[in-house]
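This report concerns only the one structure given below.
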Ligand code: AAL
């Protein structure tokens with residue numbers, strides 16, 4: 106069979122195909138530089154008509170890795186929660202943490218505030234500039250994940266002058282060695298357009314608290330960007346700095362390989378709109394102990410797209426749902442080492458600000474943890490509520506009765 110095939114080079118791809126012997130030597134010489142072998146079966150699978158006339162799209166398709174549909178899923182419409190987490194006019198409840206199961210109940214933590222959002226045109230000393238401004242972290246419990254009882258405040262804003270005096274919000278929970286850790290975003294007053302956001306941590310021996318807050322933030326933005334002018338304009342910069350020069354957001358700490366990997370979203374000074382939308386990327390900071398110190402990875406940023414952090418362990422590595430922003434938005438990615446992520450599936454879209462169900466059997470299948478969990482919706486610009494998501498694997502596409 107192979108003697109009837111020859112090898113040609115196309116952008117790093119070796120093609121095994123029928124050809125005339127005249128140019129075989131030349132094509133084999135080129136092939137010595139190549140990395141990938143493409144077989145007639147792959148050409149057939151992709152339905153490529155003529156391997157000598159490959160479109161740019163076919164050349165890209167020939168470089169796709171040989172991954173099955175194990176990671177491909179579709180999310181269903183969000184469903185409202187019942188009890189205290191049902192939508193409540195005048196109240197913001199958003200950015201749910203993951204759920205853990207303790208004392209016979211699911212526990213979730215979330216950002217809570219009241220009142221309308223005036224934006225930056227309002228009086229920033231009195232008003233809210235965002236729905237997540239002037240928040241505290243509250244928590245709720247549920248036996249079935251549908252009907253929730255709000256238990257009260259877990260972590261409140263700091264005293265005036267503290268790094269977290271304006272808002273504490275967008276939290277994640279980690280349970281490790283019988284202790285509980287809430288990581289969360291912090292803002293210090295005044296909440297200006299250029300204000301830097303940091304990450305705080307609180308810990309407790311019980312999911313019901315009391316919580317002890319870190320005296321200082323556990324993570325801060327890179328300090329190598331330079332604003333241009335004095336005006337509160339976050340797009341005007343002399344130098345943009347690292348991907349996280351403006352804000353560190355959406356923390357999620359995962360115990361991994363004997364260390365603690367803090368995944369976070371970075372926002373950059375001078376953020377641009379690219380061909381994939383907003384310039385948003387993820388980074389990690391690693392610590393030997395849950396309370397830190399957390400050291401940013403030299404490999405940052407570890408994504409080129411995405412928004413809120415949604416990561417889980419799978420098969421010795423870490424999986425990540427990449428949503429909303431950037432050329433690789435709406436993909437599920439996996440890394441064997443928690444750092445170097447590859448696309449495993451490209452999906453239609455995903456709920457925002459997912460709170461994962463950490464009780465799921467993550468090894469059952471790659472996306473088992475995404476079968477159900479929490480998210481939020483904008484009931485209005487001012488008010489958001491926590492909702493329930495679900496997803497299913499999709500392996501065929503059939504007409505009714507087919
Ligand atoms: C979300 C998250 C963070 C931001 C804000 C509230 O999508 O990225 O939490 O600060 O929006």
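Numbering (my numbering), first residue to last: 106 to 507.
Note that the Cβ used here is the ideal one computed from N, Cα and C, for glycine as well.
Check                                                                                                                                          : Outcome
heavy atom of the ligand AAL below 7 angstroms from residue 200 C-beta                                                                         : yes
Under 8 angstroms between C-beta atoms of residue 243 and residue 472                                                                          : no
Alpha-carbon spacing of residue 190 relative to residue 204, whole angstroms                                                                   : 14 angstroms
Inter-residue Cα distance where the pair is residue 446 and residue 231                                                                        : 43 angstroms
Near the ligand AAL: residue 214 beta-carbon under 7 angstroms from a heavy atom                                                               : no
Sequence-distant residues of the same chain with beta carbon closer than 7 angstroms to residue 322, five excluded per side                    : 268, 291, 303, 304 and 305
Near the ligand AAL: residue 412 beta-carbon under 7 angstroms from a heavy atom                                                               : yes
Beta-carbon gap between residue 437 and residue 458 smaller than 8 angstroms                                                                   : no
Simplified DSSP state of residue 355, which is helix, strand or coil                                                                           : strand
Cβ shell of residue 196 (< 6 angstroms), same chain only, five flanking positions each side left out                                           : 219
Same chain, Cβ closer than 7 angstroms to residue 185, neighbours up to 5 away in sequence not counted                                         : 191, 192 and 492
Proximity below 8 angstroms, CB of residue 367 to CB of residue 426                                                                            : no
Cutoff 8 angstroms; reference residue 317; Cβ partners in own chain excluding five residues on either side                                     : 307, 308 and 309
Proximity of residue 451 and residue 477 at Cβ, strictly below 8 angstroms                                                                     : no
Residue 231, enclosing beta strand (DSSP E) - first and last residue                                                                           : Where residue 231 is concerned, there is no enclosing beta strand (DSSP E), given that its DSSP letter is neither H nor E.
Reduced DSSP category for residue 418 - H, G, I as helix; E, B as strand; rest coil                                                            : strand
Top-ranked residue by Cα proximity to residue 356, from 275, 432, 342 and 428                                                                  : 275
Contacts around residue 163, its chain only, beta-carbon distance under 6 angstroms, and the 5 residues preceding and following it disregarded : 153
CA-to-CA distance, residue 146 to residue 198, given in whole angstroms                                                                        : 52 angstroms
Entirely enclosed beta strand (DSSP E) segments - the region 317-399, minimum 3 residues                                                       : 342-344, 352-361, 364-372 and 385-392
Residue 273 vs residue 289 beta-carbon contact at 8 angstroms                                                                                  : yes
Cβ-heavy atom distance, residue 237 to the ligand AAL, below 7 angstroms                                                                       : yes
Cβ shell of residue 474 (< 7 angstroms), same chain only, five flanking positions each side left out                                           : 417, 461, 462, 465 and 467
Limits of the unbroken beta strand (DSSP E) element including residue 451                                                                      : 447-451
Closer than 7 angstroms: residue 225 CB and nearest the ligand AAL heavy atom                                                                  : no
Coarse secondary structure for residue 135, derived from DSSP in three states                                                                  : Unreliable positioning characterises residue 135 in this predicted model, as indicated by a pLDDT of 35, which lies under 50. The coordinate reading is nonetheless provided below. It is helical.
Cβ-heavy atom distance, residue 370 to the ligand AAL, below 7 angstroms                                                                       : yes
Anticipated Cβ contact below 8 angstroms, residue 271 with residue 238, distance rounded                                                       : 7 angstroms
Residue 352 beta carbon less than 8 angstroms from that of residue 301                                                                         : yes
Residue closest to residue 519, alpha-carbon to alpha-carbon, out of 507, 498 and 503                                                          : Residue 519 lies beyond the range of the chain shown here (106 to 507); nothing can be said about it.
Cut-off 6 angstroms between Cβ atoms - residues of its own chain near residue 128, not counting five sequence neighbours on either side        : Bear in mind that the predicted position of residue 128 carries a pLDDT of just 46, short of 50, making it unreliable; the figure below should be weighed with that in mind. Taken in chain order, the list of residues that qualify is empty.
Delimiting residues of the beta strand (DSSP E) encompassing residue 479                                                                       : 477-483
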